[in-house]
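S.K.:
Protein chains: 2
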Amino acid sequence: MTEERERARRPGGRSARVRAAVHQAVTDLVAERGYGNFTVGDVAARAGVADTSIYRRWGNLEALTQDVAITRLTEQSPIPDTGSLEGDLRDYAAKVARDVSGPDGPAVLSLVVALSTAGPDGARARDDFLAERTRQLQVMLDRARDRGEQPPDTLAVLDHILAPMYVRVLFGAGPLDPDYADTLVDHLLALHAAPPPAP
Amino acid sequence: MTEERERARRPGGRSARVRAAVHQAVTDLVAERGYGNFTVGDVAARAGVADTSIYRRWGNLEALTQDVAITRLTEQSPIPDTGSLEGDLRDYAAKVARDVSGPDGPAVLSLVVALSTAGPDGARARDDFLAERTRQLQVMLDRARDRGEQPPDTLAVLDHILAPMYVRVLFGAGPLDPDYADTLVDHLLALHAAPPPAP
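Protein chains in written order, with the numbering used here: chain A, 997 to 1195; chain B, 997 to 1195.
(1) Exposed or buried, which one is Val1181 of chain B when buried takes at least 16 other CB atoms within 10 Å?
(2) Which term fits Arg1122 of chain A, buried or exposed, when burial requires 16 or more other beta carbons within 10 angstroms of its beta carbon?
(3) Alpha helix (DSSP H) containing Asp1237 of chain B: first to last residue?
(4) List the residues of chain B whose Cβ lies closer than 9 Å to the Cβ of Asp1133 of chain A, in chain order.
(5) In this structure, does DSSP put Pro1160 of chain B in helix, strand or coil?
(6) Would you say Leu1151 of chain A reaches chain B, if we count a Cβ-Cβ gap shorter than 7 Å as a contact?
(7) Under 8 Å, CB to CB, which of the residues in the region 1154–1167 of chain A have a partner in chain B?
(8) Beta-carbon of His1183 of chain B versus every beta-carbon of chain A: anything under 7 Å?
(9) Among B:Ala1103, B:Leu1154, B:Pro1116, which one has its Cα closest to the Cα of Leu1126 of chain B?
(10) Are the C-beta atoms of Ala1169 of chain B and some chain A residue less than 7 Å apart?
(11) To which residues of the same chain is Val1026 of chain A closer than 7 Å at the C-beta, ignoring the five residues directly before and after it?
(12) Can you pull the chain A neighbours of Asp1123 of chain B, defined as C-beta to C-beta under 8 Å?
(13) Please tell me whether Val1109 of chain B has its Cβ less than 7 Å away from any Cβ of chain A.
(14) For Tyr1031 of chain B, go through chain A and note every residue whose CB falls closer than 7 Å to its CB, in chain order.
(15) Which residue wins for smallest C-alpha separation from Asp1077 of chain B, given the options B:Tyr1162, B:Leu1133, B:Leu1057?
(16) Within 7 Å (strictly less), CB to CB, does Ser1097 of chain A reach chain D?
(17) Below 8 Å on the Cβ atoms is my contact criterion, and I expect Ala1043 of chain B with Val1064 of chain B to pass it. Report the Cβ-Cβ distance as a whole number of Å.
(18) Indicate whether Thr1067 of chain B and Glu1128 of chain B have their beta-carbon atoms separated by less than 7 Å.
(19) With DSSP run on the structure shown, which of helix, strand or coil describes Gly1144 of chain B?
(20) Which one of B:Ser1011, B:Val1163, B:Asp1149 has the shortest CA to CA distance from Leu1081 of chain B?
(21) Tell me the DSSP secondary structure of Asp1100 of chain A in three-state form.
(22) How big is the Cα-Cα spacing for Met1161 of chain B and Asp1178 of chain B?
(23) Under 8 Å by Cβ, that's how I've got Tyr1051 of chain B and Val1036 of chain B pegged, so tell me the actual separation to the nearest angstrom.
(24) Strictly under 7 Å for the Cβ-Cβ distance: is Leu1069 of chain B near chain A by that measure?
(25) Spell out whether any CB of chain B is found under 7 Å from the CB atom of Leu1172 of chain A.
(26) Identify each residue in the region 1059–1084 of chain A for which the Cβ-Cβ distance to at least one residue of chain B is less than 9 Å, and report them in chain order.
(27) Who are the Cβ neighbours of His1183 of chain B in its own chain at under 8 Å, not counting the five residues just before and after it?
(28) Is the shortest distance between the beta-carbon of Leu1187 of chain B and the beta-carbons of chain A less than 7 Å?
(29) What separation, rounded to the nearest whole angstrom, lies between the Cα atoms of Pro1147 of chain A and Ala1140 of chain A?
(30) Can you list the residues of chain A that Gly1118 of chain B reaches, using a CB-CB cut of under 9 Å?
(31) On a CA-only basis, which of B:Leu1166, B:Asp1142, B:Asp1117, B:Ala1090 is nearest Gln1062 of chain B? Give me that one, please.
(32) Just to make sure I have the definition right: I need the residues of chain B whose C-beta is within less than 8 Å of the C-beta of Leu1213 of chain A. Which are they?
(33) Hey, does Asp1175 of chain A have any beta-carbon neighbour from chain B nearer than 7 Å?
(34) In angstroms with no decimal places, state the Cα-to-Cα distance between Asn1033 of chain A and Glu1058 of chain B.
(35) Is there a C-beta anywhere in chain B that falls below 7 Å from the one on Pro1192 of chain A?
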């Protein structure tokens, strides 16, 4: 089978391939130059497509980078369903640690952060991402409650699992190995089992 | 006394005033437009100084924004010395919560994050900031150890005090009131007093 025919059989075909190439080009350019330091022309050249294809599909660079950030963050670290709260949290924390410390992790996270200072549209895209991720986490925590477990709330997962990993990546501080992800889950479970007394 | 003479007596004089005006202009522009969406000319117009003054002093926009990010983050949230570890942590957490949730907080944090994808110079500036802040925190934790207390390490302060607040601001998630800052300190002290058992 020729490479051309193999490509043609992939789900989504040419349109999906263009989208994937453009998304990867944006991620690479953010990693190499930082958000704000490249143009639609740079993305097109890197992805091997015409500028007009990008303008027709996304309208402008801001809309394109928002699409990349939301898509990458939503597709990565899918929510697990292992049958127990502890199993779900350990599986999820390990996935997040692997994704955010991978080659594209810092660039994707930085994109989301850049959105938050990129005006109302950027803030809306960031809020949409957070709402979607919160909804996914809530499904996992609701399952635990239905089994009779006592889950933490989604903000506690953000504060004690996601935030430490995000900040370690963004600030280049400390390792993000599987043991570290497990320790964060230990801490969340310990805090939730025995909350500190009110002051 | 004329306003002119009063100004002249301020520490640093005209040079310090120009620096403060330029720093505030950068912070405002990051908040309004996002990092990467303004020029040296925009900063000069906003600060009421000549473009050449900025080029002479800082060289280029990247060096200027690095100076702003490091200065703002280093000057805000000074390390307290209250006589006890708990007092120091509560005071410090309250200051950080106030600073990062203040009008310039998100812009300054976003600047630091933008640095981390702005090439080797940006990463170096970010690492310098983290090293300086870690050194300051270590002084506070060493004082606790000298008093016979059992302090956490600086990474635990980053993970459980600073990270949750930074991420809530950056992602626009949840409130950052004084009670929340106190709860984070409660959690850190509880974790450190009774670490979870090894798996």
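Backbone N, C-alpha and C define an ideal beta-carbon position, used for all residues, glycine too. These figures come from a predicted structure and were not determined experimentally.
M.R.: Per the coordinate set shown:
(1) Buried is the label assigned to Val1181 of chain B, since at least 16 other Cβ atoms lie within 10 Å of its Cβ.
(2) Arg1122 of chain A comes out buried.
(3) Outside the shown range of chain B (997 to 1195) lies residue 1237 of chain B, about which nothing can therefore be said.
(4) Before going further, note that residue 1133 of chain A is Leu rather than Asp in the sequence given. What Leu1133 of chain A touches in chain B: nothing, since even the nearest Cβ is about 12 Å away.
(5) It is helical.
(6) Yes, because at least one Cβ of chain B sits closer than 7 Å to the Cβ of Leu1151 of chain A.
(7) Only those residues of the region 1154–1167 of chain A whose C-beta falls short of 8 Å from the nearest C-beta of chain B are listed: Leu1154, Asp1155, His1156, Leu1158, Ala1159, Pro1160, Tyr1162, Val1163, Arg1164, Leu1166, Phe1167.
(8) Interface with chain A (7 Å Cβ-Cβ cutoff): His1183 of chain B is included.
(9) For Leu1126 of chain B, the nearest C-alpha among the options comes from B:Leu1154.
(10) Answer yes: the Cβ-Cβ gap between Ala1169 of chain B and chain A drops below 7 Å somewhere.
(11) Listed in chain order, the non-local C-beta contacts of Val1026 of chain A below 7 Å within the same chain comprise Ala1103, Ser1106, Leu1107, local neighbours out to five positions each way being set aside.
(12) Within 8 Å Cβ-Cβ: Gly1168.
(13) Yes, contact with chain A.
(14) Simply Tyr1031, Gly1032, Ala1110, Thr1113.
(15) Comparing Cα positions, the closest option is B:Leu1133.
(16) Included in the structure are the protein chains A and B, with no chain D among them.
(17) The C-beta separation of Ala1043 of chain B from Val1064 of chain B comes to about 12 Å, leaving the pair out of contact by the 8 Å criterion.
(18) No, the Cβ-Cβ distance between Thr1067 of chain B and Glu1128 of chain B is not below 7 Å.
(19) Of the three classes helix, strand and coil, the one that applies to Gly1144 of chain B here is coil, per DSSP.
(20) Closest option to Leu1081 of chain B, Cα to Cα, is B:Asp1149.
(21) Reduced to three states, the DSSP call for Asp1100 of chain A is coil.
(22) Distance between Met1161 of chain B and Asp1178 of chain B, taken at the CA atoms: about 12 Å.
(23) Between Tyr1051 of chain B and Val1036 of chain B a beta carbon distance of about 7 Å is seen, short of the 8 Å cut, so the two are scored as contacting.
(24) No - not a single Cβ of chain A is within 7 Å of the one on Leu1069 of chain B.
(25) Against chain B, the CB of Leu1172 of chain A has no partner CB under 7 Å away; the residue lies outside that interface.
(26) Taking 9 Å as the Cβ-Cβ cut-off against chain B, none of the residues of the region 1059–1084 of chain A qualify.
(27) Excluding positions up to five away in sequence, the list reads His1156.
(28) Yes, Leu1187 of chain B lies at the interface with chain A (some Cβ there is under 7 Å from its Cβ).
(29) Cα to Cα, the separation comes out at about 6 Å.
(30) In chain order: Gly1030.
(31) Looking at the Cα atoms, B:Asp1117 is the closest of the given residues.
(32) Shown here, chain A extends from 997 to 1195; a query on residue 1213 of chain A therefore has no answer.
(33) Under the Cβ distance rule, Asp1175 of chain A does not count among the residues neighbouring chain B, no pair being separated by less than 7 Å.
(34) About 11 Å.
(35) Per-residue confidence for Pro1192 of chain A stands at a pLDDT of 48, beneath the threshold of 50, marking its modelled position as unreliable; the derived number appears in the next sentence. Flagged as an interface residue toward chain B: Pro1192 of chain A, by a C-beta distance shorter than 7 Å.
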